[in-house]
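*Asks:* Using our numbering, read the sequence shown as starting at -2 and increasing by one per residue.
Ideal Cβ positions, reconstructed from N, Cα and C, are used throughout, including at glycine.
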Amino acid sequence: MSEQSYVNPLRDSQDRRLPRVAGPCALVMFGVTGDLAHKKLLPAIYDLANRGLLPPGFGLVGIARRDWDDDDFANYCLEAVKERARTPFREEVWAQLHEGLRVVTGDLTDEDTYARLKETLRVLDEEQGTEGNHAYYLSIPPNRFEAVISNLRKAQLVDKEQKTPWNRVVIEKPFGHDLRSAIELEETVESVFNANSVFRIDHYLGKETVQNMLALRFANQLFEPVWNRNYVDHVQITMAEDIGIGGRAGYYDGVGAARDVIQNHLLQLLALIAMEEPTSFDAAQLRSEKEKVLGAARPPTDLKSHTARGQYLAGWAGGEKVKGYLEEDGISPDSTTETYAAIRVDIDNRRWADVPFYLRTAKRMPRRVTEIALMMRPAPHLPFNATQTEALGSNALVMRIQPDEGVTLRFGAKVPATQMEIRDVTMDFQYGNSFAESSPEAYERLILDVFLGDPPLFPQAREVEQSWEILDPILDYWDAKRRQPEGYVAGSWGPPSGKTMLTRDGRAWRRP
Ligand code: BG6
-2 MSEQSYVNPL
8 RDSQDRRLPR
18 VAGPCALVMF
28 GVTGDLAHKK
38 LLPAIYDLAN
48 RGLLPPGFGL
58 VGIARRDWDD
68 DDFANYCLEA
78 VKERARTPFR
88 EEVWAQLHEG
98 LRVVTGDLTD
108 EDTYARLKET
118 LRVLDEEQGT
128 EGNHAYYLSI
138 PPNRFEAVIS
148 NLRKAQLVDK
158 EQKTPWNRVV
168 IEKPFGHDLR
178 SAIELEETVE
188 SVFNANSVFR
198 IDHYLGKETV
208 QNMLALRFAN
218 QLFEPVWNRN
228 YVDHVQITMA
238 EDIGIGGRAG
248 YYDGVGAARD
258 VIQNHLLQLL
268 ALIAMEEPTS
278 FDAAQLRSEK
288 EKVLGAARPP
298 TDLKSHTARG
308 QYLAGWAGGE
318 KVKGYLEEDG
328 ISPDSTTETY
338 AAIRVDIDNR
348 RWADVPFYLR
358 TAKRMPRRVT
368 EIALMMRPAP
378 HLPFNATQTE
388 ALGSNALVMR
398 IQPDEGVTLR
408 FGAKVPATQM
418 EIRDVTMDFQ
428 YGNSFAESSP
438 EAYERLILDV
448 FLGDPPLFPQ
458 AREVEQSWEI
468 LDPILDYWDA
478 KRRQPEGYVA
488 GSWGPPSGKT
498 MLTRDGRAWR
508 RP
């Protein structure tokens, strides 16, 4: 193909070199006293302000049940920023942000809370010049979504048809508990907000390394020709965490690893790895490619052999003695929630027929690491004797999402001073060594995209449904068994069934 006729989807009509700066707007945050807001969202807002990407006319309204005034709220935000912001603290940036901070106290189910919110936004629009552009961020448990959304409607804080000023809603996962509840949730949300105004956050899509997967695949000539069943034996997607459930028992118990991580983060990674090249990175094109591949993906036929679930037992992690899941505060001693989940997914299309995708996630693993590994088929013929290639494994392309961000290529090379002994070596790209710029946090990117109304990095309703279609049969199978998940010692790589899932197929998990 000639260079002229090739359309590079990374090159779109807008000039992406210009800094993208949000226009006047206010963010209303439900769940502002929660863990996520404190650790991630408030620091991300400060970092955006610090990078000059928020307008002077910016407002942040926290909704809280605490008996707070604006100063208490500002102190709370300041503490979160000082503790967690990525960029250095600058008094002048904080002072400007501070001017737009307001708190509305009250219960989420109480209509008066929304009357006060409406008045607060009216005054804020006037004082800060936020011009009636409002984004509502729902960082709250899903069973409270309905109350908030219907109260926003009753208080006439949202106009579904109105384009300017805009009203948008940001929804944190989990998007439902299964397919049915996800569809119900969609109906509730879209009965009040226009579908184009709904931003479902999957923070993995905001990670630089995840976006880099698109660059790696579609900006280069080197990889795409081997990105298919002719060369790839199987794909491993691992998201391991060394932490336990911390203070999140209330959220995590009854949800578990598959719903918490596989339904969203890991299936989104699978979609980006496996999809065809979009004609551009517009939301519509990107989503349509993801939708196609998720539509071709299916749960394993043999659910017993190709799924595994575990629960961590007491052990050693991060250099300290840690409790087992059942001894954690707030967890019932007979909980059957899994903290380890592994599944095989197959994709029924020409590119991926017979190439299994193995997905695994767990808490209390030996270390925190997220990576995607394309494990290549063996060379069709090796002109070496068996001893010479004893130390040769599979060629692999590993995308390291975190923490050691980069890409590794593993292949065989001759060991010096031997006649012809081959051993695996690696070639590494590391973000830290190649770029002077540091990576923004995923939430910085995604919150800015909400303000700009830029939706490509937000999964659409259909993708959420498709992910449940893949997961539901597995969850039903696990439920029907009603078994205690298999125990694994904290600080180990998971239960035996996780291993046999691959050995049965003649494969093994990589040690990331
Ligand atoms: C969240 C999950 O979505 O992702 C958590 O609910 C998990 O259980 C977290 O700890 C991990 O995020 P990251 O960005 O640290 O990999």
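#1: Can you tell me which of ARG48, GLU325, VAL100, ARG374 puts its alpha carbon nearest to the alpha carbon of ARG62?
#2: Going by alpha carbons, who is nearest to ASP64 out of LEU38, TRP490, THR30, ARG256?
#3: Leaving out five residues before and five after PRO452 in sequence, what residues of the same chain have Cβ atoms less than 8 angstroms from its Cβ?
#4: Do the CB positions of PRO16 and GLY54 come within less than 7 angstroms of each other?
#5: Check whether the Cβ of ASP401 sits closer than 6 angstroms to any heavy atom of the ligand ZN, and report yes or no.
#6: Where DSSP assigns a beta bridge to GLY429, which residues make up the other side?
#7: Can the beta-carbon of ALA144 be found less than 7 angstroms from the beta-carbon of LEU105?
#8: Nearest-angstrom Cα distance between LYS320 and GLY247?
#9: At a cut-off of 6 angstroms, is ASP257 close to the ligand BG6 when judged by its beta-carbon and the heavy atoms of the ligand?
#10: Return the first residue and the last residue of the beta strand (DSSP E) that LEU154 is part of.
#11: Considering only the beta carbon of each residue, do SER188 and GLY28 sit closer than 7 angstroms?
#12: Would SER391 be called buried (16 or more neighbouring beta carbons within 10 Å of its own) or exposed?
#13: Flag this pair as yes or no: are the beta carbons of GLY409 and ILE419 separated by less than 7 angstroms?
#14: What do you get for ASP257, buried or exposed, if any count of 16 or more other CB atoms within 10 angstroms of its CB means buried?
#15: Looking only at its chain, what residues have a beta carbon closer than 6 angstroms to the beta carbon of SER(-1), apart from the 5 residues adjacent to it on each side?
#16: Compute the Euclidean distance between the alpha carbons of LEU264 and GLN233, then round it to the nearest angstrom.
#17: Taking just the CA atoms, how far does THR117 sit from GLU123?
#18: Under DSSP, the alpha helix (DSSP H) around ASP68 begins and ends at which residues?
#19: To the nearest angstrom, report how far apart ARG8 and GLN159 are at their CA atoms.
#20: Considering only the beta carbon of each residue, do ALA314 and ALA487 sit closer than 7 angstroms?
#21: Helix, strand or coil for MET372 per DSSP?
#22: Exposed or buried, ALA388, counting other C-beta atoms within 10 Å across all chains shown (16 or more means buried)?
#23: Which stretch, first to last residue, makes up the beta strand (DSSP E) that contains ARG397?
#24: With three or more beta-carbon pairs closer than 8 angstroms as the criterion, would you say the segment 34 to 52 touches the segment 465 to 485?
#25: Based on Cα-Cα distance, which residue from PRO139, ASN209, LEU213, ASN148 lies nearest to SER178?
#26: Could you have a look at THR500 and say whether DSSP puts it in helix, strand or coil?
#27: Using the beta-carbon count (16 or more within 10 Å), is GLU368 buried or exposed?
#28: Considering only residues of the same chain and omitting the five flanking positions on each side of ALA268, which have a CB-CB separation below 6 angstroms?
#29: In chain order, what residues of the same chain have a beta carbon less than 8 angstroms from the beta carbon of TYR111, not counting five sequence neighbours either side?
#30: Applying the 10 Å Cβ sphere with the 16-neighbour rule, what's the burial state of SER329?
#31: Just the C-alpha distance for THR423 and ALA383, rounded to the nearest angstrom, thanks.
*Replies:* This is what the structure holds:
#1: Scanning ARG48, GLU325, VAL100, ARG374 for the CA closest to the CA of ARG62 turns up VAL100.
#2: Here the closest residue by C-alpha is THR30.
#3: ASN193, PHE196, ALA280, ASP446, listed in sequence order.
#4: Result no, Cβ atoms of PRO16 and GLY54 do not sit closer than 7 angstroms.
#5: By its list of ligands, the structure shown excludes the ligand ZN, since it contains just the ligand BG6.
#6: In the DSSP assignment, no residue is bridged to GLY429.
#7: A contact, by the Cβ cut-off of 7 angstroms.
#8: Rounded to whole angstroms, LYS320 to GLY247 spans 17 angstroms at the Cα level.
#9: Taking the Cβ of ASP257 as the reference point, at least one heavy atom of the ligand BG6 falls within a distance shorter than 6 angstroms.
#10: Element bounds for LEU154: n/a, residue is neither H nor E.
#11: Contact: no.
#12: When all chains shown are included, SER391 counts as buried.
#13: The answer is yes: Cβ separation under 7 angstroms.
#14: Buried, by the Cβ-count rule.
#15: Residue placement at SER(-1) is flagged as unreliable, the pLDDT there being 45, under the threshold of 50; the coordinate-derived value follows with that caveat. None.
#16: Rounded to whole angstroms, LEU264 to GLN233 spans 12 angstroms at the Cα level.
#17: Inter-residue distance for GLU123 and THR117 is about 10 angstroms (C-alpha atoms, whole angstroms).
#18: ASP68 -> alpha helix (DSSP H) spans 67 to 81.
#19: Note that ARG8 has pLDDT 49, beneath the 50 cutoff, so the model's placement of it is unreliable and the number below is only indicative. Their backbone Cα atoms lie some 31 angstroms apart in a straight line.
#20: Closer than 7 angstroms, so yes.
#21: Three-state result, MET372: strand.
#22: ALA388 sits exposed, since fewer than 16 C-beta atoms from the chains shown fall within 10 Å of its C-beta.
#23: Element bounds for ARG397: 393 to 399.
#24: No contact exists between the segment 34 to 52 and the segment 465 to 485.
#25: For SER178, the nearest C-alpha among the options comes from PRO139.
#26: Shown here, THR500 sits in a helix according to DSSP, grouped into three states.
#27: Buried, since its Cβ has 16 or more Cβ neighbours within 10 Å.
#28: Contacts found: LYS287, VAL290, LEU291.
#29: Here the set comprises ASN148, LEU149, LYS151, ALA152, LEU154.
#30: SER329 comes out exposed.
#31: Taking the CA atoms as reference points, THR423 sits about 22 angstroms from ALA383.
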